[in-house]
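Numbering follows our numbering, with no gaps: position 239 of the sequence shown is 239.
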Amino acid sequence: MDRTYHDPVMTQEVIEILRPVAAGTLVDATFGGGGHTAAMLAAFPEATVLAVDRDPEAAEQALRFANRVRFVPGDFRHLDVLLEEGGFHDLDGALLDIGVSSHQLDTAERGFSYHRAGPLDMRMGPSAPFDADEVVNGWDRDRLAHAIGRFGEERFARRIAGAIVAARPITDTGHLASVVAGAVPAAARRKRHPARRTFQALRIAVNDELAALADGLDAVLRMLRPGGRVVVISYHSLEDRIVKRRFADEARGCVCPPDLPVCGCGRTAGLRVLTRRPLRPGAGEVSSNPRSRSALLRAAERVAT
Ligand SMILES: C[S@@+](CC[C@H](N)C(=O)[O-])C[C@H]1O[C@@H](n2cnc3c(N)ncnc32)[C@H](O)[C@@H]1O
Numbered sequence: 001m002d003r004t005y006h007d008p009v010m011t012q013e014v015i016e017i018l019r020p021v022a023a024g025t026l027v028d029a030t031f032g033g034g035g036h037t038a039a040m041l042a043a044f045p046e047a048t049v050l051a052v053d054r055d056p057e058a059a060e061q062a063l064r065f066a067n068r069v070r071f072v073p074g075d076f077r078h079l080d081v082l083l084e085e086g087g088f089h090d091l092d093g094a095l096l097d098i099g100v101s102s103h104q105l106d107t108a109e110r111g112f113s114y115h116r117a118g119p120l121d122m123r124m125g126p127s128a129p130f131d132a133d134e135v136v137n138g139w140d141r142d143r144l145a146h147a148i149g150r151f152g153e154e155r156f157a158r159r160i161a162g163a164i165v166a167a168r169p170i171t172d173t174g175h176l177a178s179v180v181a182g183a184v185p186a187a188a189r190r191k192r193h194p195a196r197r198t199f200q201a202l203r204i205a206v207n208d209e210l211a212a213l214a215d216g217l218d219a220v221l222r223m224l225r226p227g228g229r230v231v232v233i234s235y236h237s238l239e240d241r242i243v244k245r246r247f248a249d250e251a252r253g254c255v256c257p258p259d260l261p262v263c264g265c266g267r268t269a270g271l272r273v274l275t276r277r278p279l280r281p282g283a284g285e286v287s288s289n290p291r292s293r294s295a296l297l298r299a300a301e302r303v304a305t
């Protein structure tokens, strides 16, 4: 495995949750550097593993698995369409390890890093309709402030948006990081990098990540066989909330008022939630891979309806 591309997170937990479906068709919908795929192949010799990613650089990583993995380029929000085109109609297991890979973050030319100067890009793949330059140098202050506040949960969103608009044209990520740092009060600069939340927000906006996650979950749930399992690892509360709500909604049976003598809605639970609370990485993993510290893992199993 290419350790420098991305260290997979909570691998042991993923493997244990997927073990009951080890002989089936599994999809790693966020292949990245293939760390989770490699673990699946090692633990489940009978599995058929399909790998999806929208980043062409991830496609290159898949080459080393030769014919052990079928790589399908594309956006997981269209997972069912992508896999059906390849002749796969049902899944026994699915993993979504969302967000960006370390490789994407650390490659200055991709434009995700506030530590390294690079172009204002941030597109995970060619399907993104616009890049970070369009957001940073093109959106008006209100739209920018809304995106930074919502997707970055940044309390100084309006000040930051105002500073960005005043500093235009912003030339690269280094320039952007210093404009953001200058816009937040000194006290807020002490803990973590002051541009972290703004960069997260821009990345989420450029890649439409929240809508992609919601659509991707729908697509996975449409394809999961009874008994099939889905595992989602997310890295911040916005994403985790989407997963939690979608699972809870699908796990709900009858929604009739309690005083109704017979069920009129006909609704039965389609999912059994396997993680009442999200699982977190252990202290050992966090110390050896600090980027795992914010990981939140949720899993569920399809039940026959
Ligand atoms: C956190 S990394 C996954 C790392 C991987 N589990 C590993 O072990 O190397 C997330 C990956 O998901 C991909 N990705 C994010 N959103 C996607 C989407 N909507 N469709 C397909 N791939 C996506 C990114 O390009 C990135 O390679």
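Where is the CB? At the ideal position from N, CA and C, for every residue including glycine. Please read all numbers here as calculations on a predicted model, not as lab measurements.
Taken through DSSP and simplified to helix, strand or coil, Gly93 comes out as strand.
Residue burial annotation: Arg110 is buried, with at least 16 other C-beta atoms found within 10 angstroms of its C-beta. Close CB contacts of Asp215 within its chain, under the 7 Å cut and outside five residues either way in sequence, are with Arg77 (chain order).
For the 8 Å CB-CB criterion, Asp172 and Gly118 form a contact.
Ranked by Cα distance from Arg272, the first of Lys244, Ala38, Ala295 is Lys244. For Phe151, the enclosing alpha helix (DSSP H) covers residues 141-152. Secondary structure of Glu57 (DSSP, three-state): helix.
The set of residues whose C-beta lies within less than 5 Å of a heavy atom of ligand 1 reads, in chain order, His6, Pro8, Thr30, Gly32, Gly33, Gly35, His36, Asp53, Arg54, Asp55, Ala58, Asp75, Phe76, Asp97, Gly99, Ser101, Met124, Ala212. Residue burial is scored here from C-beta neighbours: Ala295 has at least 16 other C-beta atoms within 10 angstroms and is therefore classed as buried.
Restricting attention to Phe71, Ala39, Glu46, Phe65, the CA atom closest to the CA of Asp53 is found in Phe71. With respect to Leu279, Met10 sits close: the two C-beta atoms are nearer than 8 Å.
By the neighbour-count definition (other C-beta atoms within 10 Å, threshold 16), Thr268 is an exposed residue. Residue environment analysis places Asp55 among the buried positions, since at least 16 neighbouring C-beta atoms fall within 10 angstroms of its C-beta. The stretch 248-266 and the stretch 39-50 do not touch, with fewer than 3 CB-CB distances between them shorter than 8 Å. Remark: C-beta atoms of Ala43 and Ile15 approach each other more closely than 8 Å.
Judged by DSSP in its simplified three-state form, Glu239 adopts helix.
Counting other Cβ atoms within 10 Å of its Cβ, Pro8 reaches 16 or more and is therefore classed as buried. Bridge pairing for Thr48: Thr25 [DSSP]. Arg267 sits in coil when the DSSP states are folded into three classes, being neither helix nor strand. The beta carbons of Gly182 and Ala163 sit about 6 Å from each other, so the pair counts as a contact at 8 Å. The stretch 79-90 makes contact with the stretch 219-229; the number of CB pairs closer than 8 Å reaches 3 or more. When DSSP reads this structure, Pro73 sits in a beta bridge with Asp53. With respect to the C-alpha of Pro126, the residue from Asp240, Asp208, Arg190, Asp140 having the closest C-alpha is Asp208.
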